[in-house]
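S.K.: Chains as they are written, first to last, in the working numbering: chain C, 7 to 612; chain E, 7 to 612.
We put the CB at the ideal spot given by N, CA and C, even for glycine.
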């Protein structure tokens, strides 16, 4: 038998992908072994050469890690003898031996808690969007959008010694951040506030919870948007309030005389949550005029005010006359909110003082280190740059979503034209089974947003929502293509319009020189002209604001077209069925793809 | 007349103390001017030479700031013409002109809100300790204790690109931090938990609020410590619970058969809040034995478990048999809590699942960037080092407090011997007016802690609390000296014991070879022996564990003593009154300073 060296196991392994340098990973690995007592007090460490070989790193890496561990008191060096674990973890600490075997004991109290905990489940959780190839939802952010460099710079500044001294132990709102918010963020919403009129919160959601807590005691009448945020309804109901659902249409909340008898109205004027509608200017005025003489307080949740890139921005309700009756809620940004969790409330000073008390009952203010880092982020102008970058990015994604929907979606769905924001509200054909659609879509890697949780009452059939905050621009087209396929599978009753497919000769006769009228998926009119020489032109929108040109031709019994920009500039061929003066295009799968009306008596010259 | 140059004002000023480099300050100043539209779109900037002169910095500093501003899109460079403001803030933004004059309008809605907001003021706020020379309280931290270097390192690691990608948009508990807590923090308390048995919270206070929210519905019977945390009482009452105050003594909460009929008990076993008492081992067992057969749930608030430096640490209730009925609350650390705001709850998985829902209603999880930085802080062993450093620091401060109290405090006060922690519970003489004492103390720069807020029922007279978390070790002695003076001023009835002051000769006769019995301010016995040769020895404590030697002598009608260590090793002289066999020492202000009993029939040989 040959002699084989004794197998020595690596004490820990290194991970090259986690962003830590090797020296830090070695140091961390050793600290873990010491703290877990795997290498107990007095244990002699392997030589740096031996450990370096085991781990597959340079000896220098291990030596530097060892040096730091000695300086930090984990190891001590005994001259001519080596390094030893220097930390006696048993001094003053509970020994794991006190607990039976140090093993995990799953406790047998499940039935006790099942009786005790009650129902729960008031809020639904959507599936984790990260598991989907095409997450067309608005429940998170791809981390690529996070302004890593800028945030790192702001944080680094906030960690300078002089800065730390000024925030450590502050345990309240950082006056530096309050000033940045009132000088740079609020004026854009038309709001001018004193420092005692602002309270920082852990994201917008804590702001909502605090306002409900303040205003919803004793059977208060609370008007909420329907559809609207489920969290607001749950909070209000837990506090014993009576809910009054308010109608929402494409111009946002519909004001109503019943509001005069309410105590609270919660409204999302910038972009209604969830429909994305912007509250019209005349409705804003109508709401504010209800305040004198009533006891109504408006909680203005300025959701997604930062993505007003398609509409003229409207000033906040808080900036109107009688704005003292408005409690304004916002977060620094949709992107920073879920990560850095900084939101704020603007209200009259006595209101802020009471909200500050309520905040204290529920926990500390937002972490002061993040407050100061955010203040630096604003002071250095990174916030401003981020806002412009995000508006540009979301605008492009929404255009991409719009184009993809127009190209792929069967004409049975209806979509409100986008008004900024990051979502679109979609209405499928009557009888569409959303549950079944979700299942088919999941199989194809597509996650869309269910709207059921937003409704307190009956949920209109066939509705769903598409969002672009989690998906990169260049993946939107494929995602919508998959979703359209899933939808087509479901509505297979529409397989092919009845009627004969036109032959080659019939196609030539029909199409040459024709003018076709059709509609985009958003309901905009669109005119297409097919010139006898094979040129083609199109104009969409009520003022023909969206134009394109292209070529058309016929091969066998298929009609082909290729736009310069529209339909991604790709050539596509269809068979055609003519019923009356309506042309139905049939795609390669034999399904009805789109339709158009032949303009009578139009015959374009060559 | 001489020609005087036109006076040019600095556009902004620089602050050399705020820890930002000059280039960043220049950049920031310009961004502020641009965002405030003081330098509007198209404004031509001063040359770098001119601005450098105005600000008193090098031209290179300004040039570098300009370069960065051009790169960031704030400025644009026009060749041979100069730099101009490039950002059009009016595009897509609300103009301040929309709001009357852009001026602050204080709204006239105060009376509306006064009617609407109700009483409030359920929690008292103590004065800001930073305004006092001697803040002997436990309401914050001197920022010098913050582990700035180590936190900076941990944060820097968490900001590496690979790290940011893994936490940005996480919006939930970071599994990396959960693992660090269950592997490194909980085992020291005897607790072994699965990841789904841990919920992160915004400091311990959010954990308390969530537990009360979960358990206090529907007229629940909630047992609380008296004295105890006022926040717990307010939270329980707001939720409609009935409070049962439980007695607390020097061994913590006194278990009581009434507990069997309660739904919830909130207890602080490591250090009772506010008395600092540690729950005795037999009481822990007694509490846990009440669980089977009752519907009691214990909320174990492991307050200050990290400062167990004087007692043997006791395992957490959660680690006992029936521990599934215990909901365990802690924060990473008293020091990190008010800044970084990371607390956590350990409970059975179904309980954690419900608490997670409740947390979601109130806001997002703790900011994920801090979660990851804290995970790095733990992984690198900084947490462990900080805990050891703080235990050492607090231990030293408490010793310093103990010595100062023993030296300066008139013997009319009673103090429980310290049991670790960072506070001492002090009982003044009967009839002591705490309000008046606080006023006199404030005049002398001393802030002590009022105990009234901790009591739901009658507040025992003359109690107050001293804490060391905000005051440096070397200031404690002076603070206690000032507090003792304030106290002496108040209890001037005790000016001088009645009786004649002893003369020189009487002193010599009385003291030479005497053995004196006295008590420390903590009630420990102390024996002092005065040898005829002027040597002196002392032994204090029940096992004479604290010994010292020194010298004594007589000058005129004053007796002097100087210990080697005790009483700060300083010489001090007193006049003496003898009443029966009790010696009363009278200090220079003519006030009774301390007393001792002469041991009869003892006469020490030379």
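#1: Which class does residue 597 of chain C belong to by DSSP, given the choice of helix, strand or coil?
#2: From the beta carbon of residue 139 of chain C, is the nearest beta carbon of chain E less than 8 Å away?
#3: Helix or strand or just coil, what does DSSP make of residue 296 of chain E?
#4: Kindly indicate if chain E contains any beta-carbon less than 8 Å away from that of residue 486 of chain C.
#5: Contact criterion: CB-CB distance below 8 Å. Does residue 217 of chain E meet it with respect to chain C?
#6: Spell out whether any CB of chain E is found under 8 Å from the CB atom of residue 99 of chain C.
#7: Using a C-beta to C-beta distance shorter than 7 Å, which residues of chain E count as neighbours of residue 346 of chain C?
#8: Which chain E residues sit within Cβ distance under 7 Å of residue 80 of chain C?
#9: Label residue 398 of chain E either buried or exposed according to how many other C-beta atoms from any shown protein chain fall within 10 Å of its C-beta, with 16 as the threshold for buried.
#10: Short check: CB of residue 376 of chain E to CB of residue 236 of chain C, under 8 Å?
#11: Closer than 7 Å, Cβ to any Cβ of chain E: which residues of the region 387–409 of chain C, in chain order?
#12: For residue 189 of chain E, tell me which candidate among E:384, E:482, E:509 and E:428 has the shortest Cα-Cα distance.
#13: I need the straight-line Cα distance from residue 187 of chain C to residue 215 of chain E, nearest angstrom please.
#14: How about residue 479 of chain C: is its C-beta nearer than 8 Å to some C-beta of chain E?
#15: Could you list which residues in chain E have their beta carbon closer than 7 Å to that of residue 237 of chain C, in chain order?
#16: Where does residue 602 of chain C fall in DSSP's three states?
#17: With a cut-off of 8 Å, does the C-beta of residue 592 of chain E fall near any C-beta of chain C?
#18: How close, in whole Å, do the beta carbons of residue 400 of chain E and residue 474 of chain E come, if the pair is a contact with beta carbons under 8 Å?
#19: Suppose you measure from the CA of residue 554 of chain C to the CA of residue 135 of chain C; what does that come to, to the nearest Å?
#20: Can you tell me which residues form a DSSP beta bridge with residue 30 of chain C?
#21: Are the C-beta of residue 20 of chain C and some C-beta of chain E separated by less than 8 Å?
#22: Tell me the DSSP secondary structure of residue 7 of chain C in three-state form.
#23: Roughly how many angstroms lie between the CA atoms of residue 85 of chain C and residue 54 of chain C, to the nearest whole one?
#24: Hey, is residue 609 of chain C close to the ligand PLP, as in C-beta under 7 Å from one of its heavy atoms?
#25: Looking at the secondary structure, which residues open and close the alpha helix (DSSP H) in which residue 356 of chain C lies?
#26: Is the beta carbon of residue 455 of chain E less than 8 Å from the beta carbon of residue 471 of chain E?
#27: Taking only three categories from DSSP, how would you classify residue 458 of chain C?
#28: Helix, strand or coil for residue 48 of chain C? Go by DSSP, reduced to three states.
#29: Kindly indicate which residue of C:417, C:544, C:441 and C:563 has the alpha-carbon position closest to the one of residue 529 of chain C.
#30: Run the CB neighbour count on residue 576 of chain C, radius 10 Å, all protein chains shown included, and call it buried at 16 or more, exposed below.
#31: When burial is assigned at 16 or more other CB atoms within 10 Å of the CB, is residue 325 of chain C buried or exposed?
#32: Out of E:381, E:348, E:386 and E:367, which one is the CA nearest neighbour of residue 370 of chain C?
#33: For residue 117 of chain C, count neighbouring Cβ atoms within 10 angstroms of its own Cβ and tell me buried if that reaches 16, exposed if not.
#34: Which same chain residues end up closer than 8 Å to residue 365 of chain E when comparing Cβ atoms and leaving out the 5 residues on each side of it in sequence?
#35: Do three or more CB pairs link the region 431–442 of chain E to the region 126–144 of chain E at distances below 8 Å?
#36: Do we get a CB-CB distance below 8 Å when we pair residue 129 of chain E with the residues of chain C?
M.R.: In this structure, then:
#1: Numbered from 1 along the first chain, position 591 holds the residue referred to as residue 597 of chain C. Residue state, collapsed to three classes: coil.
#2: Position 133 of the first chain, counting from 1, holds the residue named residue 139 of chain C. Not one chain E Cβ lies under 8 Å of residue 139 of chain C.
#3: Along the second chain, one-based indexing puts residue 296 of chain E at 290. It is coil, neither helix nor strand.
#4: On the first chain, residue 486 of chain C is found 480 positions in, with the first residue counted as 1. No - not a single Cβ of chain E is within 8 Å of the one on residue 486 of chain C.
#5: Reading the second chain from its first residue, position 211 is the one you call residue 217 of chain E. No, because no Cβ of chain C sits closer than 8 Å to the Cβ of residue 217 of chain E.
#6: Here residue 99 of chain C is taken as the residue at index 93 of the first chain, counted from 1. Below a pLDDT of 50, predicted positions are generally treated as unreliable, and residue 99 of chain C, at 43, falls in that range; no measurement from the model is reported.
#7: On the first chain, residue 346 of chain C is found 340 positions in, with the first residue counted as 1. Simply 373 and 375.
#8: As a first step, residue 80 of chain C must be located in the first chain, where it is residue number 74. Correct list: 387.
#9: Translated into positions along the second chain, residue 398 of chain E becomes position 392. Answer is exposed; the Cβ neighbour count stays below 16.
#10: Here residue 376 of chain E refers to the residue found at position 370 when the second chain is read from its first residue. Here residue 236 of chain C refers to the residue found at position 230 when the first chain is read from its first residue. No. Outside cutoff.
#11: 387, 390 and 391
#12: For this step, residue 189 of chain E is matched to residue 183 along the second chain. The shortest C-alpha separation from residue 189 of chain E is found at E:384.
#13: Indexing the first chain from 1 puts residue 187 of chain C at position 181. Indexing the second chain from 1 puts residue 215 of chain E at position 209. Rounded to whole angstroms, residue 187 of chain C to residue 215 of chain E spans 29 Å at the Cα level.
#14: The count along the first chain starts at 1 and reaches residue 479 of chain C at position 473. No, residue 479 of chain C does not count as interfacial toward chain E.
#15: Looking up residue 237 of chain C in the first chain gives position 231. What residue 237 of chain C touches in chain E: 367.
#16: Against the first chain, residue 602 of chain C aligns to sequence position 596. Note: residue 602 of chain C maps to strand in three-state DSSP.
#17: Working through the second chain from its first residue, we reach residue 592 of chain E at position 586. Not an interface residue.
#18: Position 394 of the second chain, counted from the start, is the residue given in the question as residue 400 of chain E. Position 468 of the second chain, counted from the start, is the residue given in the question as residue 474 of chain E. Confirmed, about 7 Å.
#19: Translated into positions along the first chain, residue 554 of chain C becomes position 548. Translated into positions along the first chain, residue 135 of chain C becomes position 129. When rounded, the distance between both Cα atoms is 36 Å.
#20: For the purposes of this step, residue 30 of chain C is taken as the residue at position 24 of the first chain. None; residue 30 of chain C has no bridge partner.
#21: Here residue 20 of chain C refers to the residue found at position 14 of the first chain. No, no contact with chain E.
#22: Taking the first residue of the first chain as 1, we reach residue 7 of chain C at position 1. Unreliable positioning characterises residue 7 of chain C in this predicted model, as indicated by a pLDDT of 42, which lies under 50. The coordinate reading is nonetheless provided below. Looking at residue 7 of chain C - three-state DSSP - the assignment turns out to be coil, as it is neither helix nor strand.
#23: Taking the first chain and counting its residues from 1, one reaches residue 85 of chain C at position 79. Taking the first chain and counting its residues from 1, one reaches residue 54 of chain C at position 48. One C-alpha to the other measures close to 15 Å.
#24: With respect to the ligand PLP, the structure shown offers nothing to examine, as it has no ligands at all.
#25: Taking the first residue of the first chain as 1, we reach residue 356 of chain C at position 350. That run of the alpha helix (DSSP H) goes 355–368.
#26: Along the second chain, one-based indexing puts residue 455 of chain E at 449. Along the second chain, one-based indexing puts residue 471 of chain E at 465. A contact, by the Cβ cut-off of 8 Å.
#27: What you label residue 458 of chain C is simply residue 452 of the first chain in a count that begins at 1. Correct three-state label for residue 458 of chain C: helix.
#28: Sequence index remark: in the first chain, residue 48 of chain C carries index 42 (1-based). Of the three classes helix, strand and coil, the one that applies to residue 48 of chain C here is coil, per DSSP.
#29: Counting from 1 along the first chain, the entry for residue 529 of chain C is found at position 523. It is C:417 whose Cα lies nearest to the Cα of residue 529 of chain C.
#30: Position 570 of the first chain holds residue 576 of chain C. When all chains shown are included, residue 576 of chain C counts as exposed.
#31: Along the first chain, one-based indexing puts residue 325 of chain C at 319. Residue 325 of chain C is buried by the Cβ-count criterion.
#32: As a position in the first chain, residue 370 of chain C is number 364, starting the count at 1. Closest option to residue 370 of chain C, Cα to Cα, is E:348.
#33: By one-based count along the first chain, residue 117 of chain C stands at place 111. Counting Cβ neighbours within 10 Å, residue 117 of chain C comes out exposed, since fewer than 16 surround it.
#34: Position 359 of the second chain, counting from 1, holds the residue named residue 365 of chain E. So the qualifying residues of the chain are 205, 207, 212, 216 and 371.
#35: no
#36: For the purposes of this step, residue 129 of chain E is taken as residue 123 along the second chain, with counting starting at 1. For residue 129 of chain E, the answer is yes, since a Cβ of chain C falls inside 8 Å of its Cβ.
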